[in-house]
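In the UniProt record's numbering, the protein residues as written are 1 to 351. From the three backbone atoms N, C-alpha and C, an ideal C-beta is built for every residue, glycine too.
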């Protein structure tokens, strides 16, 4: 009588087959393929960095559109948050809603002076993003004529501090005018509706009202515009310095990319802000200087030192001593220093 088949032989072979499959999977991973068959950065274990993008920050729009951080850190590793102004970026940083945010230099100093634990890790632009704007048919032609007038401005932002400096030049103070605190886009609408006599504008909204409504810039001063700074929470810098470095390096890549692909950069702003190409071109190619040293240091310190007495005089900081200490500790240059010279625009606009 024939002997029955051995019951354990088949499972043993199955186990060998499973082992062979596992060996093949591991071999594939070693050769550069992930366990799911994809090639490139492995999937991130959750969000690695929360950062903002803003219409006044062209590098942020390019980095977001191109997906460079996700390529470096892994899919799902980046949480993007729109900042409508420096005040909103500072609010999000203070609330720990983002790790890295972009502001003008003066709001960054103001935030740190009042206890927000942020450090400036990169200079992303030297913009002329603010000026004093009046409607097309306004009789106002110079700042001295602003006495007694309603002026729209977003408190805690560079246009607000531009207005403060402009009033001082004209021999006026904040008490000589009525400042209406409106977010930038609402200030533009208030000017066009005639609800205010002037507006401390911000691009791209400023370029938009110029080109579409004929609004006029009655006072411009590049020196009254502080630099664009990328700021990070100190806790984040301590816990994830390599991620912070990856972000700053991406900013240097974006700076080079915009220089080599200006038309594509304009289109990125058009798409993000939903504005016309001529408006984006006015902001990005006419009033934004990216050919600067990205390392925060003496040029920014000089601008903010000049503004510090104004912050004290207006009661916007808790004390002059705290504001001076905040300025002395605001800059953290090591990330931008390491990123300098490592940027690569990648050639074509779609890279």
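{"Check": "Of the listed residues 209, 290 and 267, nearest to residue 280 (C-alpha basis)", "Outcome": "267"}
{"Check": "Unbroken stretches of the beta strand (DSSP E), 3 residues or longer, contained in the stretch 199 to 284", "Outcome": "216 to 219 and 228 to 233"}
{"Check": "Local conformation of residue 316 per DSSP, three classes", "Outcome": "coil"}
{"Check": "Counterpart residues of residue 126 in DSSP-defined beta bridges", "Outcome": "289"}
{"Check": "Touch test, the stretch 60 to 70 against the stretch 250 to 259, Cβ-Cβ under 8 Å, three pairs minimum", "Outcome": "yes"}
{"Check": "As assigned by DSSP and simplified to three states, the class of residue 335", "Outcome": "helix"}
{"Check": "Residue 340, DSSP secondary structure in three states", "Outcome": "coil"}
{"Check": "Classification of residue 43 by the beta-carbon crowding that lies within 10 angstroms, buried from 16 upward", "Outcome": "In this predicted model, residue 43 has a pLDDT of only 43, less than 50, meaning its place in the structure is not dependable; the value taken from the coordinates is given anyway. Exposed, by the Cβ-count rule."}
{"Check": "Residue 82 versus residue 189: straight-line alpha-carbon distance, rounded", "Outcome": "20 Å"}
{"Check": "Under 8 Å between C-beta atoms of residue 143 and residue 169", "Outcome": "yes"}
{"Check": "Exposure label - residue 331; buried when at least 16 CB within 10 Å", "Outcome": "buried"}
{"Check": "Residue 314 classed as buried or exposed, judged by whether at least 16 other C-beta atoms fall within 10 angstroms", "Outcome": "exposed"}
{"Check": "Cβ-based burial, residue 173 [other Cβ within 10 Å; buried from 16]", "Outcome": "exposed"}
{"Check": "Supposed contact pair residue 129 and residue 287 - C-beta distance, whole angstroms, cut 8 Å", "Outcome": "6 Å"}
{"Check": "Contained alpha helix (DSSP H) runs [length at least 4] in the stretch 127 to 177, N- to C-terminal order", "Outcome": "158 to 169"}
{"Check": "Contact set for residue 46: own chain, Cβ-Cβ below 6 Å, skip 5 residues either direction", "Outcome": "none"}
{"Check": "Rounded distance between the beta-carbons of residue 216 and residue 177, thought under 8 Å", "Outcome": "Actually they are not in contact, since the Cβ atoms of residue 177 and residue 216 sit about 18 Å apart, beyond 8 Å."}
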